[in-house]
Amino acid sequence: MGIDSSSVCIIGGTGKMGSWLGTLFEADGLQVVSIGKDTVLKARDAVPLCKVVVVSVPISDAVEVISEVAPLVREETLLVDLTSIKSATMRAMLSLSKAQVAGVHPLFGPGETAGPSSRVALCPGRGKEGIQWIERFFKRKGFAVSMIDPETHDRMMGLIQGVNHFSTIVLALCMAESGFSLEDMTELSTASFMKRIERIHAMLAQPGELFQSLLMENKEAVGFLNNYHDQAGRLIGIVRKGDTAGFERIWKTITRFFGHNGKVLR
Ligand SMILES: NC(=O)c1ccc[n+]([C@@H]2O[C@H](COP(=O)([O-])OP(=O)(O)OC[C@H]3O[C@@H](n4cnc5c(N)ncnc54)[C@H](OP(=O)(O)O)[C@@H]3O)[C@@H](O)[C@H]2O)c1
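Just so you know, we're using my numbering here: the sequence shown kicks off at 19 and counts up by one.
Here's what the structure looks like:
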């Protein structure tokens, strides 16, 4: 495979998100060089030649891989990562390379096609031209793009991904240890419970390592998980005591936040 100065190198291009992005680049006529752990072509040989270098490896490997390749990236090259947690990778890309830098977090799983709800978070790092190029690329492909700094991104992901996946895992664990079979629970499921079961299946279709990293490697997650634990304890206390006034206070807080009328009874 020939590599030239217009090629895009995707480290992790043999994986789910890397191959998704590679297909999008190829549809734009770009030459894509995909690198995995066992590909014959190694990152160190391809990276110095390409105009865009993307790092799309598991969260736990991302900083190490960036540390290896960032010093090899040319100054005019755009260095991008797809990692779901942004602060550490952005710091590594900015400090270990002289390249243009952009952090990208697709807010969806592999296989997603463009649509109004398909959004990409973009953390601008260095170099206006490269950041505009990647922003325009995703917009042209039909994805919405939200600019955000890495620290705010990670803090929000502590809730949006951390608490969200945590509560799904807790529900899955409650079901697994309930003594009821999945078939029996599915047969008696309400529509909303079926949606929760579908969400559990979608989560389990991805490797557990991803969710472990989203919970353990985003240092912002644990504060939100503690708050989730405290809020659950508060609600359990209210339920145990039959504290209807307490329930009403909680209901008012959440209905106001979500723009409803705040009444427990209609
Ligand atoms: N999956 C999602 O829903 C999702 C959504 C948004 C963002 N992301 C982010 O996208 C990134 C990739 O996730 P994924 O789901 O695509 O993972 P994946 O399918 O497991 O792919 C990982 C890729 O990284 C390569 N790789 C692993 N360790 C490496 C190393 N030390 N050096 C070089 N290459 C290495 C793998 O090569 P081999 O093929 O040889 O194993 C593979 O190509 C993660 O940072 C994740 O946070 C994922």
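Backbone N, C-alpha and C fix where the C-beta goes; we use that ideal spot for every residue, glycine too.
In this structure, the CA atom of G30 is about 19 Å from the CA atom of R92. With a cut-off of 8 Å on Cβ pairs, the segment 73-85 is in contact with the segment 98-105, counting three or more such pairs. CA-to-CA, the gap between V188 and T95 works out to about 43 Å.
With a cutoff of 7 Å, M234 does not count as near ligand 1, since its C-beta is closer than that to no heavy atom of the ligand. The beta strand (DSSP E) runs lying completely inside the segment 42-84 and spanning 3 residues or more are 50-53 and 70-73, given in chain order. When distances are taken from the beta-carbon of L112 to the heavy atoms of ligand 1, even the shortest one reaches 7 Å or more. For R137, the uninterrupted beta strand (DSSP E) run begins and ends at R137 to R144, by DSSP.
L97: member of the beta strand (DSSP E) spanning L96 to D99, first to last residue. V73 has its alpha-carbon roughly 28 Å from the corresponding atom of I218.
For I187, the enclosing alpha helix (DSSP H) covers residues N182 to A194. In the DSSP assignment, I215 falls within the alpha helix (DSSP H) that extends over A209 to L222. DSSP places V91 outside any beta strand (DSSP E), giving it a letter other than H or E. Note on C192: under 16 other CB atoms within 10 angstroms of its CB, so exposed under the neighbour-count rule. For A117, the secondary structure class from DSSP, reduced to helix, strand or coil, is coil. Here A162 is bridged, per DSSP, to R137. In terms of CA proximity to F211, T186 leads the group G47, T186 and F275. When secondary structure is reduced to three states using DSSP, P225 falls in the coil class, being assigned neither helix nor strand.
Between L112 and V119, the CB-CB gap stays under 8 Å. Placement of the Cβ of V75 at a distance of less than 7 Å from at least one heavy atom of ligand 1 is found.
In the DSSP assignment, I28 forms a beta bridge with S52 and V72. Short note on D56: C-beta closer than 7 Å to some heavy atom of ligand 1. The residue among A239, S136, V26 and A139 with its C-alpha nearest the C-alpha of C68 is V26.
Of the candidates P134, D248 and A162, A162 places its Cα closest to the Cα of L140. Just measuring C-alpha positions, the residue of S105, K60 and Q179 sitting nearest D167 is S105.
Apart from sequence neighbours up to five positions away, the residues of its chain that approach G40 with a beta-carbon distance below 7 Å are I28, G31, V50 and S52, ordered along the chain. E130 and E205 have their alpha carbons spaced roughly 30 Å apart.
Proximity of the segment 172-179 to the segment 235-243 meets the contact definition, three or more beta-carbon pairs being nearer than 8 Å.
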